[in-house]
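Undergrad: Protein sequence lines, in the order shown, are assigned to chains A and B.
If you read the first sequence in the UniProt record's numbering, its first letter stands for residue 1, the second for the next number, and so on.
If you read the second sequence in the UniProt record's numbering, its first letter stands for residue 1, the second for the next number, and so on.
The following block contains the structure, expressed as structure tokens.
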Amino acid sequence: MSSSVLYDAPGPKARIRNRIYSVVGGLAVLGLIVFAVVRLNDKGQFAPEMWDIFNYAGVRTSIRDGVVTTLKVFAVAAVLSLVLGVLLAVGRLSDHKAVRWFATGFIELFRAVPLLITIYVLWVLFLTYRSDLGLSGDNTGFWALVIGLTVYNGSVQAEVLRAGINSVPRGQSEAAYALGMRKTQVMMTVLVPQAVRAMLPTIISQLVVTLKDTSLGYVITYQELLFQLQQLAGNIVVNDDNPYVPVIIVGGAIYIAMCLALSALATWIERRGRRAKTGIRVADAGQPLAAADALDVVDHSAVSAPDAPTGKTN
Amino acid sequence: MNVLLDHLPQFREGFLGTLSITAASAALALVLGIVIAGFRVSPIPPLRAFGTAWVTLLRNTPLTLLFLIAFFVIPQIFFPGTSPFVLAMGALGCYTSSFVCEAVRSGINTVPLGQAEAARSLGMTFFQTLRLIVLPQATRSVIPPMSSIFIALTKNSAIAGAFSNTELFNVSKLLSDKGFAIGWIFLWIALCYLVITFAISGLFRLLESRLEVAR
Numbered sequence: 001m002s003s004s005v006l007y008d009a010p011g012p013k014a015r016i017r018n019r020i021y022s023v024v025g026g027l028a029v030l031g032l033i034v035f036a037v038v039r040l041n042d043k044g045q046f047a048p049e050m051w052d053i054f055n056y057a058g059v060r061t062s063i064r065d066g067v068v069t070t071l072k073v074f075a076v077a078a079v080l081s082l083v084l085g086v087l088l089a090v091g092r093l094s095d096h097k098a099v100r101w102f103a104t105g106f107i108e109l110f111r112a113v114p115l116l117i118t119i120y121v122l123w124v125l126f127l128t129y130r131s132d133l134g135l136s137g138d139n140t141g142f143w144a145l146v147i148g149l150t151v152y153n154g155s156v157q158a159e160v161l162r163a164g165i166n167s168v169p170r171g172q173s174e175a176a177y178a179l180g181m182r183k184t185q186v187m188m189t190v191l192v193p194q195a196v197r198a199m200l201p202t203i204i205s206q207l208v209v210t211l212k213d214t215s216l217g218y219v220i221t222y223q224e225l226l227f228q229l230q231q232l233a234g235n236i237v238v239n240d241d242n243p244y245v246p247v248i249i250v251g252g253a254i255y256i257a258m259c260l261a262l263s264a265l266a267t268w269i270e271r272r273g274r275r276a277k278t279g280i281r282v283a284d285a286g287q288p289l290a291a292a293d294a295l296d297v298v299d300h301s302a303v304s305a306p307d308a309p310t311g312k313t314n
Numbered sequence: 001m002n003v004l005l006d007h008l009p010q011f012r013e014g015f016l017g018t019l020s021i022t023a024a025s026a027a028l029a030l031v032l033g034i035v036i037a038g039f040r041v042s043p044i045p046p047l048r049a050f051g052t053a054w055v056t057l058l059r060n061t062p063l064t065l066l067f068l069i070a071f072f073v074i075p076q077i078f079f080p081g082t083s084p085f086v087l088a089m090g091a092l093g094c095y096t097s098s099f100v101c102e103a104v105r106s107g108i109n110t111v112p113l114g115q116a117e118a119a120r121s122l123g124m125t126f127f128q129t130l131r132l133i134v135l136p137q138a139t140r141s142v143i144p145p146m147s148s149i150f151i152a153l154t155k156n157s158a159i160a161g162a163f164s165n166t167e168l169f170n171v172s173k174l175l176s177d178k179g180f181a182i183g184w185i186f187l188w189i190a191l192c193y194l195v196i197t198f199a200i201s202g203l204f205r206l207l208e209s210r211l212e213v214a215r
């Protein structure tokens, strides 16, 4: 048994008690699972015909198309949001009042408004002015989703980066200025690279959120994975019933696999960053805060980061 | 401007809808999250495994997929006739509970080891230690992340509007379907959300300063 803050290594009595609790708890968990399985079985969701649908080429193709579309939206939105994030973070730290205010206003507005509403509004706008913008067919959904994800996640990434830039030891920029670098040079060659390095795990955790949020395309009927799944389940009828459960289990597994792969990348980078002797303190990948979609959080790390040990750099 | 004045009842309805769905699922998430966090730190392996599975699965699933499950699977297979409000509350609450659980768990980890050791040496049981010593101290460091979790919850509640709940997104959708200028609607809806999220962060800041203790 692992040692914990909350309990000692158990003695003989406690071990017996824990074993009893384990059995009871295990039975309770098992009971829940059995209840679900029995109910699903009663409704015929485990009938072989229900699962046979995945043998059809059409079903597989539409799931594959869904995955490809989701990844495409994610890739474009991830790149654009990172670019926007750097611009906004730099803008927020600018010496010019107008630039600073614009960046702050932009970040606050788009962080406060639900992403779904941003996407929906963009979609309606694009549909309304479709001919003026030269968009056609599927493109309205694609761009509404991509731009919505970009402005929201760009705002969040900007706050992450700002926290990172603030956590770079002051000596770094002082030294850079002493070498005669200009403000832009200091920012782009000294501060931003260190901030990115320190915040990489958080940035990637936010990318996981971006990946999950591509599923909002479902609401604006864009053909990403979730929409495809819903269409599949809604259109196929097996034994007078829609195969919602098999489709959702398969689709959910795909989403979870994609997100876990990205999270694993974040953890790996965090561990690598800890090992490297750059003196840059790498943020925590497992931070629940970073993964939550709001990220007011980052403000706290901005506050707390400077007191944290920063190593030998300064 | 006219959109707001002409449709004040709808906006009020939507505002209250967002508030109530947020409050209801926040309560559910808080209870579930603390219970699951208790599972995850307990000495009982099956419950620990359950907690880990719960958090891993829910944190990596898109909320929209959970809504699909809530609205297409739950009523047909488990509990027919559940109201959309309860279904949306369930989806939002379960999703958010995984974040609450992780916040509580990392809060528990910030309590110095000596505190729990002292409690144990006084002969306190696991539950006593957790309830009387660790959780009260963990509360303080849990409050800042909790604030952002609840702000996220407020924003996520917009998805409930896409699934036939009356709330702000639903209202904006209705009005834009009627052909009102989307820009103005967006502005007013954004303002409503700003009010709610600022209220939440203000409330939590107040709590934070009230509960602040020197350590």
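Beta carbons: idealized from backbone N, C-alpha and C, even for Gly.
Can you find a CB in chain B that lies within less than 8 Å of the CB of residue 12 (chain A)?
TA: no
Undergrad: Where does residue 241 (chain A) sit, in a helix, a strand or coil, going by DSSP?
TA: strand
Undergrad: For residue 18 (chain A), go through chain B and note every residue whose CB falls closer than 7 Å to its CB, in chain order.
TA: Those within 7 Å of residue 18 (chain A) in chain B are 43, 44.
Undergrad: Check each candidate in A:124, A:104, A:232, A:98 and name the one with the smallest Cα separation from residue 58 (chain A).
TA: A:232
Undergrad: Please look up how many angstroms separate the CB atoms of residue 328 (chain A) and residue 92 (chain A), rounded, as I've assumed it's under 8 Å.
TA: Missing from the structure shown is residue 328 (chain A); chain A here goes from 1 to 314 and no further.
Undergrad: Grab the span of the alpha helix (DSSP H) containing residue 41 (chain A) for me, first residue to last.
TA: 12-42
Undergrad: With the cut-off set at 8 Å, would you say residue 40 (chain A) and residue 77 (chain B) are in Cβ contact?
TA: In this structure, residue 77 (chain B) lies closer than 8 Å to residue 40 (chain A) by Cβ.
Undergrad: DSSP three-state label for residue 180 (chain B), please.
TA: coil
Undergrad: Using a beta-carbon distance below 8 Å, is residue 84 (chain B) in contact with chain A?
TA: No, residue 84 (chain B) lies away from the interface with chain A (no Cβ there is under 8 Å from its Cβ).
Undergrad: For residue 212 (chain B), does the count of other Cβ atoms within 10 angstroms reach 16, so buried, or fall short, so exposed?
TA: That one is exposed.
Undergrad: May I have a chain-ordered list of the alpha helix (DSSP H) segments no shorter than 4 residues that lie completely inside the segment 45-116 of chain B?
TA: The segment 45-116 of chain B contains these whole alpha helix (DSSP H) runs: 45-59, 63-68, 84-110.
Undergrad: Mind checking if residue 248 (chain A) is an interface residue toward chain B, Cβ cutoff 8 Å exclusive?
TA: yes
Undergrad: Where residue 207 (chain A) and residue 46 (chain B) are concerned, what is the direct C-alpha to C-alpha distance, given to the nearest angstrom?
TA: 32 Å
Undergrad: By how many angstroms is the C-alpha of residue 150 (chain A) removed from the C-alpha of residue 135 (chain B)?
TA: Rounded to whole angstroms, residue 135 (chain B) to residue 150 (chain A) spans 38 Å at the Cα level.
Undergrad: Counting contacts by CB-CB distance shorter than 8 Å, is residue 97 (chain A) in contact with chain B?
TA: no
Undergrad: Along the chain, where does the alpha helix (DSSP H) that runs through residue 194 (chain A) open and close?
TA: 192-213
Undergrad: Could you please give the first and the last residue of the uninterrupted alpha helix (DSSP H) stretch that includes residue 161 (chain B)?
TA: 158-162
Undergrad: Considering only residues of the same chain and omitting the five flanking positions on each side of residue 128 (chain B), which have a CB-CB separation below 8 Å?
TA: 119
Undergrad: Can the beta-carbon of residue 90 (chain B) be found closer than 8 Å to that of residue 70 (chain B)?
TA: yes
Undergrad: Against chain A, with Cβ distances strictly below 8 Å, would residue 120 (chain B) count as a contact?
TA: At least one chain A Cβ lies under 8 Å of residue 120 (chain B).
Undergrad: Starting from the N-terminal side, write out each stretch of the alpha helix (DSSP H) that is 4 residues or longer and does not extend beyond the segment 97-143 of chain A.
TA: 97-112, 115-128, 130-133
Undergrad: Indicate the three-state DSSP secondary structure (helix, strand or coil) for residue 46 (chain A) in the structure shown.
TA: Here residue 46 (chain A) sits in coil by DSSP.
Undergrad: In this structure, how does DSSP classify residue 282 (chain A) when only helix, strand and coil are distinguished?
TA: coil
Undergrad: Would you tell me roughly how many angstroms separate the C-alpha atoms of residue 202 (chain A) and residue 283 (chain A), rounded to the nearest one?
TA: 6 Å
Undergrad: Please list the terminal residues of the continuous alpha helix (DSSP H) segment that includes residue 9 (chain A).
TA: Counting along the chain, residue 9 (chain A) sits inside no alpha helix (DSSP H), nor does DSSP assign it H or E at all.
Undergrad: Kindly give me the distance between the Cβ atoms of residue 103 (chain A) and residue 84 (chain A), rounded to whole angstroms, as I take these residues to be in contact under 8 Å.
TA: The pair is not a contact, with the Cβ atoms about 10 Å apart (cut-off 8 Å).
Undergrad: Report yes if the CB atom of residue 116 (chain A) is closer than 8 Å to the CB atom of residue 24 (chain B), and no otherwise.
TA: no
Undergrad: Would you say residue 95 (chain B) faces chain A, with C-beta separation under 8 Å as the test?
TA: Residue 95 (chain B) does not count as touching chain A.
Undergrad: Assuming contact is defined by CB atoms lying nearer than 8 Å, are residue 186 (chain A) and residue 176 (chain A) in contact in what I supplied?
TA: yes
Undergrad: Report yes if the CB atom of residue 44 (chain A) is closer than 8 Å to the CB atom of residue 239 (chain A), and no otherwise.
TA: yes
Undergrad: Listing by chain order, which chain B residues have their CB less than 7 Å from the CB of residue 129 (chain A)?
TA: What residue 129 (chain A) touches in chain B: nothing, since even the nearest Cβ is about 11 Å away.
Undergrad: Considering only residues of the same chain and omitting the five flanking positions on each side of residue 13 (chain B), which have a CB-CB separation below 8 Å?
TA: 166, 171
Undergrad: Just the Cα atoms here: how many angstroms apart are residue 37 (chain A) and residue 196 (chain B)?
TA: Roughly 40 Å separates the two Cα atoms.
Undergrad: Give the straight-line distance between the Cα atoms of residue 245 (chain A) and residue 184 (chain B), rounded to the nearest whole angstrom.
TA: 40 Å
Undergrad: Secondary structure at residue 267 (chain A), three-state DSSP: helix, strand or coil?
TA: Helix.
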